[in-house]
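Q:
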Amino acid sequence: MFSLYANMVNLCRSDLLSRKKDIYEDGSWKCSTFPGRMSGHMVRYLAVISLLPAFETSALNVRISVSTYEPRPYTVAANETLIKQARLKAGDFCSSDTGSTPAWLDGPLASDVASFAQWWADQYDWTTTQAVINANFSYFYTIVPPQSTNYTEPVDLQFIHQQSSRDDAIPIPFLHGWPSTSLE
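All you need for this note's numbering is the position in the sequence shown, starting with 1, plus 6.
1. On the three-state DSSP scale, how would you describe asparagine 16?
2. Can you give the Cα-Cα distance for alanine 120 and cysteine 100, rounded to whole angstroms?
3. I'd like to know whether the C-beta atoms of alanine 83 and tryptophan 126 end up nearer to each other than 8 Å.
4. To the nearest angstrom, how far is the alpha carbon of proline 152 from that of threonine 135?
5. What residue range is occupied by the uninterrupted beta strand (DSSP E) comprising threonine 148?
6. Quick check: is any heavy atom of the ligand PLP less than 7 Å from the C-beta of proline 177?
7. Quick check: what's the CA-CA separation for arginine 25 versus valine 138?
8. When we look at the beta-carbon of alanine 5 and count the other beta-carbons within 10 Å, is it buried (16 or more) or exposed?
9. Taking the continuous alpha helix (DSSP H) assigned at aspartate 98, which residues delimit it?
10. For chain D, is any of its Cβ atoms less than 8 Å away from the one on alanine 109?
11. If arginine 78 sits next to phenylalanine 146, beta carbons under 8 Å apart, how far is it from one beta carbon to the other, in whole angstroms?
Below you can see the structure in the form of structure tokens.
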């Protein structure tokens with residue numbers, strides 16, 4: 007997990023390096039928000055330290071490695087078979103609304119879900135949505151390596167890298183929790 011954030015910081019850092027503005031030979035750069043220079047190590051440290059509350063202390067024995075797992079461009083492309091299956095399932099939704107509980111006490115009203123399911127089955131255009139998503143965001147893909155004995159399998163991860171139009175912008179990772187998405 008930490009390698010992902012180090013990769014994201016390095017990706018943002020490469021934007022700074024490509025502009026060659028306020029970059030020093032040791033790889034550090036001047037930041038208008040903080041006095042002095044911010045080293046690449048400091049940026050990685052800040053990225054890691056900002057995540058500590060989300061992890062238990064046993065997860066702190068991790069390594070930051072950015073040499074092997076470079077981010078690669080990624081295009082959102084939904085499987086047409088899955089889209090057809092989702093439409094069929096949405097169209098088969100059967101409402102069981104008894105009206106015995108107040109709205110949203112036990113979740114959305116079944117009539118609301120039925121209305122949404124009908125819209126999903128008959129009107130939603132995933133192809134257009136997918137085209138808008140791909141046109142408006144720069145997606146990347148990386149593999150997060152196993153970090154410790156707690157995490158033994160690599161994780162495939164997609165993320166958005168949106169470059170600021172300002173030359174003096176500070177790279178900031180915006181993170182979302184499950185089940186939401188970064189498009190919210």
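Virtual Cβ for every residue (Gly too), placed ideally from N, Cα, C.
A: Based on what the coordinates show:
1. Summary for asparagine 16: the model assigns pLDDT 47, below 50, so the residue's position carries little reliability; its value from the coordinates is reported in the next sentence. It is helical.
2. 7 Å
3. no
4. 34 Å
5. 145–150
6. Inclusion of the ligand PLP in the displayed structure is not the case, the ligand content being empty and no account of it being possible.
7. Unreliable placement is indicated for arginine 25, whose pLDDT of 40 sits below 50; the coordinate value is still reported in the next sentence. Cα to Cα, arginine 25 sits roughly 28 Å from valine 138.
8. Absent from the model: residue 5. The displayed extent of the chain is 7 to 190, so no value can be given.
9. Neither: aspartate 98 is in no alpha helix (DSSP H) and is coded neither H nor E.
10. Among the chains in the structure shown there is no chain D, since it carries only a single protein chain.
11. 6 Å
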